[in-house]
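A.B. asks:
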Amino acid sequence: MIFDIEMIKEVYAKFPERVNAARELTGKPLTLAEKILYAHLWDGNPDSPYTRGKSYVNFAPDRVAMQDATAQMALLQFMQSGRKTAAVPSTVHCDHLIQAQVGAKKDLANAKEKSSEVFDFLQSVSNKYGIGFWEPGAGIIHQVVLENYAFPGGMMIGTDSHTVNAGGLGMVAIGVGGADAVDVMAGMPWELKFPKLIGVKLTGKLSGWTASKDVILKVAGILTVKGGTGAIVEYFGPGAESLSCTGKGTICNMGAEIGATTSTFGYDAKMGEYLRGTGRAEVADAADQIAEHLTGDAEVYANPEQYFDQVIEIDLSTLEPHINGPYTPDRATPLSEFAKAVKENGWPAKLEVGLIGSCTNSSYEDLTRSASIAQQAIDKKLKVKSEFTVTPGSEQVRFTAERDGLLDRFDAMGGVVLANACGPCIGQWARHTDDPDRKNSIITSFNRNFAKRNDGNPNTHSFVASPELVTALAIAGDMTFNPMTDTLVNEAGEEVRLEEPLGIEMPPAGYAVENNGYHEPASDGSNVEVVVAQGSERLQLLDPFQPWDGKNIEGMKLIIKAKGKCTTDHISMAGPWLRFRGHLDNISNNTLTGAINYFNGEAGLVKNQLTGEYGSVPDVQRAYKAEGIPSIVVGDHNYGEGSSREHAAMQPRHLGMRIVLVKSFARIHETNLKKQGMLGLTFANEADYDKFQEDDTIDTLDLNEFQEGKPIHLKLKHADGSEDTITCEHTYNESQIAWFRAGSALNKIKAENKA
Ligand code: F3S
C-alpha cells in the first residue's frame, strides 16, 4: 500500500479532541484551517490562542514531499541527521529534470541519460532512509500526491510552491524550502507564522465553458499576486461542494500565484468519491467518521465576516471564463472582453502554441473536457492552427486517458503528448521557433506566466486559462477567438461552432495503470549504499561543519559590505546554477556574486586584502580560506529576502565566512543561517554600517560569553591604525546557541540521535 493508513488513523484519532480543545481555548467556532493547524501543534495546546499574522508556532506536519531539484540538498543534509529513517512518511518525485522536446518517450530517455546520476542518487537515498521514490515519468509531484497521499484534515509540507495543490483534498499543504523538509524528516518541529484567514464563499454552480480554473483566475484578479500573503484561503459554501475534487485541487494549486500560505476546502462528498475512486476507500471511511471536524464550523460559514480576516463571494452560476496574463497571473480578463484587450494592448493575436496539463490541470475531468473540444475539431473538419501539447500529471492519469481514447483524440487533432513531468511549465522546453525575437503568444492551462517562465524568451506573451479554453483557442490559432460567440471556418469552407465542453469527473471504468513508477523503500536500509558518481559535478556528499571552539573569532576580513537589496538570489543565484544544487562546493562559486559592493558599486567584485587585487567573492573568499582566515559579511536592510533557499546560508558557511552582520534580516534567512551554524547579527546602531571600511580586520570581543539576549561587541581595526568598537544584537535562543556550538542544527540532532 502506497499511502500510510495507520498514520492517517492516528491523526484522526486525536483530531476531535484537539479541535474541541482549540474551540475552548479560542472561545469561538473554528474555520477548517484553524482546526487543522491546532490539531497539528508540536507542543499541544498553548495557554492562550495564537494571534493570526503574528505568533510563530511550532507544528508537526504529517508528511513531506520533495521534487527532484530541491530534494538533492535536502536529502544530502538529512543524511547528516544520524537518523535511520525519515521521522514522518516522505516521498521524492522526479519531475523537474525532464526537458520537453519531441514527445514523452524520447524526452524521458534523454532526461534519464542526462540526469541519471541525480536520479540514481535520489533513488538510493530514498531506498536507504525509508522514503518513497517516484521515478522519472511517474508523474508530477502534486498530482501524484493528490492521487496517493493527500487526506482531509492532514498537514504536509513539500519542497515546491505548488504543494498547496493538496488543499483540493482538504489538507493544509504548504510549499517550503529544503531546510524545512530536513527539519521535519529529522524529527524537529516546523515553525510557521500563524496565518491570517481569507474566506471565499462560493454559491451557484459551474456550467458551459466555465471551469474550476476560472474560480482561481477570478480570485487572482481580485486579490493580486500579493493579496494572499501570509494567509490561508478557505473555500466554502454550496458552490464549493459542487466542484469536483480535482477542480478543487486546481483552485488550491494556483493559490500560490496570489502568495497564499495555502488554500483548502472542507471535506465533502466529492472528496470521498475521489478517495474511493483512487483506491483509498479506507481513508474515505476514516474521514467519514470524523467528517464534522474536517470542515469549518457551521456558524463560521453562516457569518464569515466575523471569523475571517477577509471574505470574497463568487457566484459560480454567473462566473465567466477568464484569461489571465500576459506576464503576470493576476491580470484577469473575462473572455467576453478579451478580444478587445488583445487589440488595445497590442498583444500578438496569433496564437502559436496551446499547452494543457501540468500539475495544475491534468485531471481526468480536464482531459475529458479538452478531448470533447478536440473531438469537435476532428468531426467538424477544423484544421488546428496552433501547435498543441498535453502534459499528463501522472502515469495513472495518462494510462487511463490513453485507455479511454482521450489521447487518441489529441493525437488526431495534431497534438503532442509530453512526458508526465513539469516540462514547459518550468522552462524545461526546447521550443521550436523560427524567430525568437518575434513578439508571440502562447496560452497554457498551467499556473505561472512570468516573463521567460515557459520558454526562456522575454518576447513570449504567456496567458493562462482552463484546458478546454486553451484547446479551443489552439484550434482557432487566434487569441481573439471567443468560442461562446464566434464561429470558425472549416476545411470545407463552412462556418462551424464549437459546442460547450463535456467532461467526466471520474473515469467510468475506474483509474488504471500498468507501472505507476513507484519504488517502495527497503524495509531495512542499513546496508543500502548511497550512490554518488565518482567525480560528479552535480552531487557531493556533505561534510559536517566544524563545531565552534567556544572562543572569540579574531582576524576576520571584511569580505563584502553589501549595499541595498541583497536577496537570496543575490547570495546564491538560480538560473544556470540550479544544476549544482546538489554540489555545495560547485554551487558556492556563485556566492554573493549578485551582491553590490558598497565600495565600488560592482556586483560581487571585492578587494582581496592579501593581494590588494579585486576578484569575485568566491575567489577572494577561497584565498582567505586557504590561509585559514575567517571573514564577515556586512549588509543592509531585509538581507536574505526572497526565498527560503538554504544554499544562501550553507554556501557562506562552506566558504569560511563566520558572521553576517546586517541592518535587518528576512526572518527565514536568519533562521537558515542559525541552522547552518553561522552567526547572524544586527547593528544595535544602524549608523555603525558606515564605520566599516574596505580593508578592515574584525574581532569579536565577547562572543565567548554568547548568551540569549546579550549583545555581542566587535572591534573594527581599520587600515590607518584607527579602531571602532560597535555593538551587535542577535535573536538566538538557548537551543539555537546550542546549534551554533555544535556547528549546525544537524550536528546537534546527530549528537542527540547517537545519545
Ligand atoms: Fe511542475 Fe509546473 Fe507544477 S513546474 S510542479 S508542473 S508548477
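Note that our numbering has the sequence shown beginning at 21, numbered continuously upward. Glycine included, every Cβ here is placed at the ideal spot set by N, Cα and C.
Within 10 Å of its beta-carbon, does A304 have 16 or more other beta-carbons around it, so buried, or fewer, so exposed?
C.D. replies: Along the sequence shown, one-based indexing puts residue 304 at 284. Burial call: buried.
A.B. asks: Under a criterion of Cβ closer than 7 Å to any non-hydrogen atom of the ligand F3S, which residues qualify, in chain order?
C.D. replies: Here the list is Q87, D115, H116, I160, I161, H162, D180, H182, S378, C379, T380, C442, C445, I446, F466, N467, R468.
A.B. asks: Please go through the same chain and pick out, in chain order, the residues whose beta-carbon is closer than 6 Å to the beta-carbon of D708, but skip the five residues on each side of it.
C.D. replies: Taking the first residue of the sequence shown as position 1, residue 708 is located at position 688. Cβ within range, chain order: I746.
A.B. asks: Report the CB separation of I328 from G219 in whole angstroms; it is logged as a contact under 8 Å.
C.D. replies: Counting from one through the sequence shown, the residue named residue 328 turns up at place 308. Counting from one through the sequence shown, the residue named residue 219 turns up at place 199. For clarity, residue 328 is Phe in the given sequence; the question names Ile instead. Right, their Cβ atoms sit about 4 Å apart.
A.B. asks: Between P215, G267, P324, A322, which lies nearest to A280 when the distance is taken from Cα to Cα?
C.D. replies: Residue 280 sits at position 260 when you count from the first residue of the sequence shown. That would be P215, whose Cα lies nearest to the Cα of A280.
A.B. asks: Using 10 angstroms around the beta-carbon of S75, count the other beta-carbons present and answer buried if the total reaches 16, otherwise exposed.
C.D. replies: Here residue 75 refers to the residue found at position 55 of the sequence shown. Classification of S75: exposed, given that the 10 Å Cβ count is below 16.
A.B. asks: Which same chain residues, not among the five before or five after S556, have their C-beta less than 8 Å away from its C-beta?
C.D. replies: What you label residue 556 is simply residue 536 of the sequence shown in a count that begins at 1. E137, H603, listed in sequence order.
A.B. asks: For E534, which option in Q629, R418, S461, V637 has the closest C-alpha, if you only look at C-alpha atoms?
C.D. replies: By one-based count along the sequence shown, residue 534 stands at place 514. Checking every option, the nearest Cα to that of E534 belongs to R418.
A.B. asks: Leaving out five residues before and five after G545 in sequence, what residues of the same chain have Cβ atoms less than 8 Å from its Cβ?
C.D. replies: In the sequence shown, residue 545 corresponds to position 525, counting from 1. Contacts found: K104, T105, N147, K148, Y149, G150.
A.B. asks: Any heavy atom of the ligand FAD closer than 7 Å to the Cβ of V122?
C.D. replies: As presented, the structure is devoid of the ligand FAD, carrying the ligand F3S as its sole ligands.
A.B. asks: Could you check where the alpha helix (DSSP H) with M593 kicks off and where it finishes?
C.D. replies: Mapped onto the sequence shown, residue 593 falls at position 573. Per DSSP, M593 belongs to no alpha helix (DSSP H) and is neither H nor E.
A.B. asks: What is the DSSP secondary structure of N692, reduced to helix, strand or coil?
C.D. replies: The sequence position of residue 692 within the sequence shown is 672, counting from 1. Note: N692 maps to helix in three-state DSSP.
A.B. asks: Under a Cβ-count criterion, where at least 16 other Cβ atoms within 10 Å of its own Cβ denotes burial, should S764 be classed as buried or exposed?
C.D. replies: Residue numbering aside, residue 764 sits at position 744 when the sequence shown is read from its first letter. S764 should be labelled buried.
A.B. asks: Cutting at 6 Å between CB atoms, please list the residues of its own chain near E749, excluding the five before and the five after it.
C.D. replies: In the sequence shown, the residue the question calls residue 749 occupies position 729. Result list for E749: T702, A704, P731, in chain order.
A.B. asks: List the whole-angstrom C-beta distance separating A494 from L508, where the pair is believed to meet the contact cut-off of C-beta under 8 Å.
C.D. replies: Residue mapping note: residue 494 aligns to position 474 of the sequence shown, counting from 1. Residue mapping note: residue 508 aligns to position 488 of the sequence shown, counting from 1. Not quite, the Cβ-Cβ distance comes to about 12 Å (not below 8 Å), so this is no contact.
A.B. asks: State the Cα-Cα distance for the pair A775 and A91, rounded to the nearest angstrom.
C.D. replies: If you number the sequence shown from 1, residue 775 lands on position 755. If you number the sequence shown from 1, residue 91 lands on position 71. Taking the straight line from one Cα to the other gives about 28 Å.
A.B. asks: Give, in chain order, every unbroken run of the beta strand (DSSP E) that is at least 3 residues long and sits entirely within the region 224 to 258.
C.D. replies: Whole beta strand (DSSP E) segments, 3+ residues: 251 to 256.
A.B. asks: By the 10 Å Cβ neighbour count, where 16 or more other Cβ atoms means buried, how is E155 classified, buried or exposed?
C.D. replies: By 1-based counting over the sequence shown, the position of residue 155 is 135. E155 is buried by the Cβ-count criterion.
A.B. asks: Out of L166, A394, R43, T613, state which residue places its alpha-carbon closest to the alpha-carbon of A594.
C.D. replies: Taking the sequence shown and counting its residues from 1, one reaches residue 594 at position 574. The option with the nearest alpha carbon to A594 is T613.
A.B. asks: With distances taken between CB atoms, is the gap from E519 to A231 smaller than 8 Å?
C.D. replies: Within the sequence shown, numbered from 1, the residue matching residue 519 stands at position 499. Within the sequence shown, numbered from 1, the residue matching residue 231 stands at position 211. In this structure, A231 does not lie closer than 8 Å to E519 by Cβ.
A.B. asks: Measure the beta-carbon distance from D234 to P341 and round it to whole angstroms, keeping in mind my assumption that it falls under 8 Å.
C.D. replies: Here residue 234 refers to the residue found at position 214 of the sequence shown. Here residue 341 refers to the residue found at position 321 of the sequence shown. Confirmed, Cβ separation roughly 5 Å.
A.B. asks: At the level of alpha carbons, what is the spacing between P346 and S684?
C.D. replies: Looking up residue 346 in the sequence shown gives position 326. Looking up residue 684 in the sequence shown gives position 664. Cα to Cα, the separation comes out at about 35 Å.
A.B. asks: K581 by DSSP, collapsed to three states: which one?
C.D. replies: In the sequence shown, the residue the question calls residue 581 occupies position 561. Strand, per DSSP.
A.B. asks: How would you write the range of the beta strand (DSSP E) that K737 sits in, first residue to last?
C.D. replies: Indexing the sequence shown from 1 puts residue 737 at position 717. Start and end: 732 to 737.
A.B. asks: Reducing DSSP to helix, strand and coil, say where G198 ends up.
C.D. replies: For this step, residue 198 is matched to residue 178 along the sequence shown. G198 falls in the helix class under three-state DSSP.
A.B. asks: If you pair each beta-carbon of the region 115 to 122 with each one of the region 520 to 531, do three or more pairs fall below 8 Å?
C.D. replies: They do not touch, by the three-pair rule.
A.B. asks: In chain order, what residues of the same chain lie with their CB nearer than 8 Å to the CB of L142, ignoring the 5 residues before and after it?
C.D. replies: Numbered from 1 along the sequence shown, position 122 holds the residue referred to as residue 142. Correct list, in chain order: D88, A91, Q92, L95, V112, C114, F153.
A.B. asks: Between the Cα of R761 and the Cα atoms of A322, P368, M526, Q566, which residue gives the shortest distance?
C.D. replies: Within the sequence shown, residue 761 is the residue found at index 741, counting from 1. Nearest option by C-alpha distance: Q566.
A.B. asks: What residue from S101, R599, S68 has the CA that sits closest to H116's CA?
C.D. replies: On the sequence shown, position 96 is the one that residue 116 refers to. Here the closest residue by C-alpha is R599.
A.B. asks: If we ignore side chains and look at the alpha-carbon of each, how far apart do M21 and I310 end up?
C.D. replies: Residue 21 sits at position 1 when you count from the first residue of the sequence shown. Residue 310 sits at position 290 when you count from the first residue of the sequence shown. Approximately 23 Å, taken between the alpha carbons.
A.B. asks: Between Y384 and P527, is the Cβ-Cβ spacing less than 8 Å?
C.D. replies: For the purposes of this step, residue 384 is taken as the residue at position 364 of the sequence shown. For the purposes of this step, residue 527 is taken as the residue at position 507 of the sequence shown. Yes, these two residues count as a Cβ contact at 8 Å.
A.B. asks: With a cut-off of 8 Å on the beta carbons, I'd call G316 and L50 a contact; round off their distance for me.
C.D. replies: Position 296 of the sequence shown, counted from the start, is the residue given in the question as residue 316. Position 30 of the sequence shown, counted from the start, is the residue given in the question as residue 50. Sure, about 7 Å apart at Cβ, within 8 Å.
A.B. asks: Compute the Euclidean distance between the alpha carbons of V654 and W597, then round it to the nearest angstrom.
C.D. replies: To locate residue 654, count along the sequence shown from 1; it is residue 634. To locate residue 597, count along the sequence shown from 1; it is residue 577. For V654 and W597, the distance between alpha carbons rounds to 24 Å.
A.B. asks: Give the range of the beta strand (DSSP E) segment to which D744 is assigned.
C.D. replies: By one-based count along the sequence shown, residue 744 stands at place 724. Residues 743 to 749.
A.B. asks: Whole angstroms is fine: what's the gap from D716's alpha carbon to H733's?
C.D. replies: The sequence position of residue 716 within the sequence shown is 696, counting from 1. The sequence position of residue 733 within the sequence shown is 713, counting from 1. Cα to Cα, D716 sits roughly 15 Å from H733.
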